[in-house]
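For the sequence shown, the numbering used here begins at 21 and goes up steadily by one. Glycine residues also receive a C-beta, built at the ideal position from the N, C-alpha and C atoms.
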Amino acid sequence: MADVSPGGAPAPETPVPQSAPESPVPQPPAPEWVVAPPAAPQTTAVAAPVALAGVAPAETADGLLARERRKNGWRRWLPMAGIITFLMLVAIGLLLFLGVRMGPAALAIGLIAAVLPVPLLVGAFLWLDRYEPNPLRYLAFCFVWGAVVATSVALGVNTLAANLFDRWGLSDSLVAVLVAPFIEESMKALGPILLLWRRRADWSGITDGIVYVGLSALGFAMVENVLYLGGHGYQAGVEQYGPATGLMNLFAVFIVRILFTGFAHPLFTSMTGIGLGISSRSADRRVRWLAPIAGLLAAMMLHGTFNLLPTLTVKFEQPLIMLYGYLGFMVPLFFAVLGFAIALRSWEGRLTERILPYYVRTGWFAPPEVAALGSLGRRHSARQWAKRVSGDAGQRAMRSFQSASTQLALLRDGLQRGLTQRPEDLSRAQLQEQRLLSEITGYRTLFNGRDPQTPRAFWNGADYQIAFPDGVTRTVAAPDEPVVPVPVSYAPQPVYGGYPGYPGYGPPPFAAAPYAYQPAPSYPQMPASPYGQPSAPPYGQPPVSYAQPTASPYAEPPNQQPTPEPEPLQPDHQPWQPPRAG
């Protein structure tokens with residue numbers, strides 16, 4: 021697979037020079053204090069178009085963009101409308117079934133009691149997903165799938181299995197051990213599996229897998245709790261001794277099902293989520309198939325083991341079996357998976373710090389910007405800073421900047437892992453990289469260069485060009501560890517070789533103060549960068565060294581004497597001495 025450099029261009033082995041366009045290309049507006057670089061010559065060398073292996077010459081970038089626009093029409097919304105209609109019909113059928121089976125009063129009471137813990141658990145999963153929030157429609161799909169489709173199928177299969185076991189003279193409790201784990205875990209995982217099949221590019225790894233399957237399991241557990249709280253709890257008590265007994269049973273079931281074992285379904289299904297997350301970020305076909313299967317089998321075994329505990333407790337009339345199994349099995353497993361998810365969240369949160377330095381070396385990001393993306397606390401501080409210098413619009417722009425930067429890191433990480441291998445997918449990934457870089461450049465216009473308390477500096481991909489108070493711009497090397505996570509302004513970005521339909525790529529011109537990204541009608545050829553043409557390293561390898569500028573465009577103006585170094589100041593008075601005693 022051809023290597024890809026930032027900006028979406030495959031790195032050519034030998035760039036072919038050609039003449040630049042006759043008309044000058046507009047550049048993004050610079051702040052007032054910017055020291056303008058010298059004008060670029062009318063004729064300069066730029067990278068020639070580079071064709072992708074296996075891509076037909078007629079498949080240009082314009083054609084890909086046109087095809088993406090067609091997908092955004094009715095053909096894209098029709099499947100979504102069909103899915104929503106299907107889920108609504110199944111939900112209505114499920115409610116009618118439960119209402120007839122339990123009665124309206126028991127259904128209402130069970131539904132209210134089952135919904136109480138849902139906001140807290142949903143918030144916990146959304147907290148895991150804060151670095152790269154998934155689209156709300158995907159999260160809602162997984163939750164509704166678990167609550168409607170998975171519950172309906174599992175209810176039907178379990179009821180049928182119970183009738184068959186009764187005919188065969190077997191205990192109904194065997195259904196919970198032999199049948200329920202298989203059908204319930206399979207149906208809870210099916211929705212996220214379909215999502216992975218259709219939207220693999222939107223998965224960032226194991227965290228997304230845990231979030232998607234966790235919400236599916238949460239929806240399943242909510243409807244299952246309606247059956248236990250309303251049917252086996254309240255309704256059974258009312259039929260035996262009246263409403264008072266029904267309420268007592270309701271509270272008892274609530275304590276057991278919600279407070280003590282409310283995390284059971286998300287905990288078991290998280291094993292499947294781990295397998296799906298590994299599959300989503302692996303280029304090995306064997307891992308893509310075996311990881312979800314292994315995760316699903318682990319979820320089934322954990323679920324079956326948990327259901328076996330009350331069965332053995334009733335069989336041998338030993339309550340300690342359930343107590344020891346809960347304290348020795350469920351609680352340690354819960355905290356182990358919780359700690360793993362929190363550690364994994366921090367690891368995936370630092371994805372930008374691992375991937376974006378490649379864009380730092382090619383001039384698209386400054387080191388402080390990457391440092392500002394490394395943790396949620398730093399991201400919050402950056403949004404507060406943007407709000408201070410640019411108001412609410414700047415805060416919104418900073419939030420969008422952070423989201424686009426994280427998506428860019430995920431995209432580049434996928435390219436380095438080899439997740440995108442087909443030529444058409446590679447072309448689409450390059451277009452997405454172009455779009456993200458253009459959006460990031462546009463978001464910066466709302467908060468860069470507007471803080472009088474920050475130094476007036478540029479980042480050229482290798483050094484800072486800082487305008488000192490004496491009016492001279494000097495080159496300053498970047499520190500090893502960026503300590504001020506505040507963005508700085510930029511020199512013109514480097515130019516990358518083109519690909520089908522794009523002879524060269526640079527940031528499109530933006531208006532002076534638009535907030536939303538406005539795509540340019542075309543991407544014209546850009547003059548070559550004074551910082552040299554970077555060559556992208558092979559995937560999985562650290563970036564190689566990049567060409568340094570032959571002459572800094574921020575040198576002192578001609579006919580200006582360099583500022584002499586000041587002489588060391590000599591004290592004009594005696595140092596202060598403490599008074600002598602006496």
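Quiz item: On the premise that H323 lies in contact with R201, defined as a C-beta separation below 8 Å, what is that separation, rounded to the nearest angstrom?
Solution: One-based indexing of the sequence shown puts residue 201 at position 181. One-based indexing of the sequence shown puts residue 323 at position 303. Note that residue 201 is Pro in the sequence shown, not Arg. That pair is a contact at about 4 Å.
Quiz prompt | Boundaries of the beta strand (DSSP E) in which Y484 is found, first to last residue | solution = Reading the sequence shown from its first residue, position 464 is the one you call residue 484. It spans 483-487 - the beta strand (DSSP E) in which Y484 sits, taken as one unbroken run.
Quiz item: In three-state terms, what does DSSP make of L492?
Solution: Position 472 of the sequence shown, counted from the start, is the residue given in the question as residue 492. It should be pointed out that residue 492 corresponds to Val in this sequence rather than to Leu. In the structure shown, V492 falls within a coil segment according to DSSP collapsed to helix, strand and coil.
Exercise. Determine the extent of the alpha helix (DSSP H) in which W405 is found, giving its start and end residues.
Key: Residue 405 sits at position 385 when you count from the first residue of the sequence shown. 396-437 is the span of the alpha helix (DSSP H), which, as asked, contains W405.
Practice problem: Would you mind listing the alpha helix (DSSP H) stretches within the stretch 304-353 that are 4+ residues and don't spill past its ends, in chain order? | Solution: Qualifying alpha helix (DSSP H) stretches, in chain order: 305-336, 339-345.
Exercise. Have a look at Q485, L146, M268, F421 and flag the residue whose alpha-carbon is nearest the alpha-carbon of S458.
Key: For the purposes of this step, residue 458 is identified with residue 438 of the sequence shown, where counting begins at 1. Comparing C-alpha distances from S458 to each of Q485, L146, M268, F421 shows the shortest one belongs to F421.
Exercise. Over the uninterrupted beta strand (DSSP E) stretch that includes W479, give me the two end residues.
Key: Taking the sequence shown and counting its residues from 1, the one referred to as residue 479 is at position 459. 477-479 is the span of the beta strand (DSSP E), which, as asked, contains W479.
Self-check item: C-alpha gap between A221 and M268, whole angstroms
Solution: One-based indexing of the sequence shown puts residue 221 at position 201. One-based indexing of the sequence shown puts residue 268 at position 248. If I take the Cα positions, the gap works out to 49 Å.
Quiz item: How would you write the range of the alpha helix (DSSP H) that N183 sits in, first residue to last?
Solution: Taking the sequence shown and counting its residues from 1, the one referred to as residue 183 is at position 163. Residues 171-187.
Exercise. Between the Cα of L364 and those of M418, G262, Y151, spot the shortest distance and give me the residue it belongs to.
Key: In the sequence shown, counting from the first residue as 1, residue 364 sits at position 344. Out of M418, G262, Y151, Y151 has the C-alpha closest to the C-alpha of L364.
Self-check item: With 16 other Cβ atoms within 10 Å as the buried cut-off, status of G469
Solution: As a position in the sequence shown, residue 469 is number 449, starting the count at 1. Residue burial annotation: G469 is buried, with at least 16 other C-beta atoms found within 10 angstroms of its C-beta.
Practice problem: Entirely within the stretch 228-311 and at least 4 residues each: give me those alpha helix (DSSP H) ranges in chain order. | Solution: Listed in chain order, they are 256-260, 263-274, 284-300.
Practice problem: Within its chain, find whatever has a CB closer than 7 Å to the CB of L159; leave out the 5 residues flanking it on each side and keep chain order. | Solution: Position 139 of the sequence shown, counted from the first residue, corresponds to residue 159. These residues qualify, in order along the chain: L235.
Quiz item: In terms of DSSP beta bridges, what is A497 paired with?
Solution: Stepping through the sequence shown from its first residue, residue 497 is reached at position 477. Partner(s): D483.
Exercise. Please work out which residues of its chain come closer than 7 Å, Cβ to Cβ, to I341, disregarding the five sequence neighbours upstream and downstream, and give them in chain order.
Key: The residue you call residue 341 lines up with position 321 of the sequence shown. Closer than 7 Å at Cβ, skipping near neighbours: L329, L332, T333.
Quiz item: Comparing alpha-carbon positions, which option in A170, L435, L140 lies nearest T289?
Solution: Along the sequence shown, one-based indexing puts residue 289 at 269. Cα-wise, what sits closest to T289 is A170.
Quiz item: Which residue from P139, A424, S302 puts its Cα closest to that of W384?
Solution: By 1-based counting over the sequence shown, the position of residue 384 is 364. Closest by alpha carbon: A424.
Quiz item: Leaving out the 5 sequence neighbours to the left and right, which residues in its chain are closer than 6 Å to G239 when beta-carbon positions are compared?
Solution: By one-based count along the sequence shown, residue 239 stands at place 219. Here the set comprises F163, G166, A167.
Quiz prompt | Option in S206, Y344, G438 with minimal Cα separation from D304 | solution = On the sequence shown, position 284 is the one that residue 304 refers to. Ranking S206, Y344, G438 by Cα distance to D304 puts G438 first.
Quiz item: Do you know how far the Cα of W405 is from the Cα of S172?
Solution: Against the sequence shown, residue 172 aligns to sequence position 152. Against the sequence shown, residue 405 aligns to sequence position 385. Roughly 50 Å separates the two Cα atoms.
Quiz item: In terms of residues, what are the limits of the alpha helix (DSSP H) holding A133?
Solution: As a position in the sequence shown, residue 133 is number 113, starting the count at 1. Here the alpha helix (DSSP H) through A133 covers 124-135.
Quiz item: Does DSSP classify D445 as helix, strand or coil?
Solution: Locating residue 445 in the sequence shown gives position 425, counting from the first residue. DSSP places D445 within a helical segment (H, G or I) once states are collapsed to three.
Quiz prompt | Nearest-angstrom beta carbon gap, P286 and A237 [assumed within contact, 8 Å] | solution = The residue given as residue 237 occupies position 217 in the sequence shown. The residue given as residue 286 occupies position 266 in the sequence shown. Taking a contact as a CB-CB distance under 8 Å, the pair A237 and P286 counts as one, their CB atoms being some 4 Å apart.
Quiz prompt | Proximity below 9 Å, CB of A134 to CB of I278 | solution = What you label residue 134 is simply residue 114 of the sequence shown in a count that begins at 1. What you label residue 278 is simply residue 258 of the sequence shown in a count that begins at 1. In this structure, A134 sits near I278, with a CB-CB distance shorter than 9 Å.
Quiz item: From this set, S300, Y261, F349, Q415, which residue's C-alpha is nearest I226's C-alpha?
Solution: Here residue 226 refers to the residue found at position 206 of the sequence shown. Among S300, Y261, F349, Q415, the Cα nearest to that of I226 belongs to S300.
Exercise. Please confirm whether T292 and L316 have their CB atoms less than 9 Å apart.
Key: Along the sequence shown, one-based indexing puts residue 292 at 272. Along the sequence shown, one-based indexing puts residue 316 at 296. Yes, these two residues count as a Cβ contact at 9 Å.
Quiz item: Does the beta-carbon of G295 have 16 or more other beta-carbons within 10 angstroms, so that it is buried, or is it exposed?
Solution: For this step, residue 295 is matched to residue 275 along the sequence shown. Flag for G295 reads buried.
Quiz prompt | Span of the alpha helix (DSSP H) around L216 | solution = Translated into positions along the sequence shown, residue 216 becomes position 196. Per DSSP, L216 belongs to the alpha helix (DSSP H) from 200-218.
Exercise. Can you give me the start and stop residues for the alpha helix (DSSP H) that F161 sits inside?
Key: Here residue 161 refers to the residue found at position 141 of the sequence shown. For F161, the enclosing alpha helix (DSSP H) starts and ends at 156-164.
Exercise. Measure the alpha-carbon distance for Y463 versus V243 and round it to whole angstroms.
Key: Reading the sequence shown from its first residue, position 443 is the one you call residue 463. Reading the sequence shown from its first residue, position 223 is the one you call residue 243. Taking C-alpha positions only, Y463 is separated from V243 by approximately 43 Å.
Self-check item: Own chain, CB closer than 6 Å to N245, minus 5 neighbours either side, in chain order
Solution: Here residue 245 corresponds to residue number 225 of the sequence shown, with the count starting at 1. Setting aside the 5 residues that flank it on each side, N245 is surrounded in the same chain by A134, R277, each with a C-beta closer than 6 Å to its C-beta; the list follows chain order.
Quiz prompt | Three-way DSSP call (helix, strand, coil) for G119 in this model | solution = Within the sequence shown, the letter at position 99 stands for residue 119. In the structure shown, G119 sits in a helix (DSSP, three-state: H, G or I).
Self-check item: Where W367 falls: helix, strand or coil (DSSP)
Solution: Numbered from 1 along the sequence shown, position 347 holds the residue referred to as residue 367. In this structure, W367 counts as helix in the three-state DSSP scheme.
Quiz item: Between which two residues does the alpha helix (DSSP H) harbouring V142 extend?
Solution: Mapped onto the sequence shown, residue 142 falls at position 122. Taken as a continuous stretch (DSSP letters only), the alpha helix (DSSP H) holding V142 covers 138-148.
Quiz item: In terms of residue numbering, what span does the alpha helix (DSSP H) encompassing P377 cover?
Solution: Translated into positions along the sequence shown, residue 377 becomes position 357. Note, P377: alpha helix (DSSP H), 377-381.
Quiz prompt | DSSP three-state assignment for V66, whether helix, strand or coil | solution = Position 46 of the sequence shown, counting from 1, holds the residue named residue 66. Here V66 scores only 28 on pLDDT, less than 50, and its place in the model should not be relied on; the value that follows carries that caveat. Note: V66 maps to coil in three-state DSSP.
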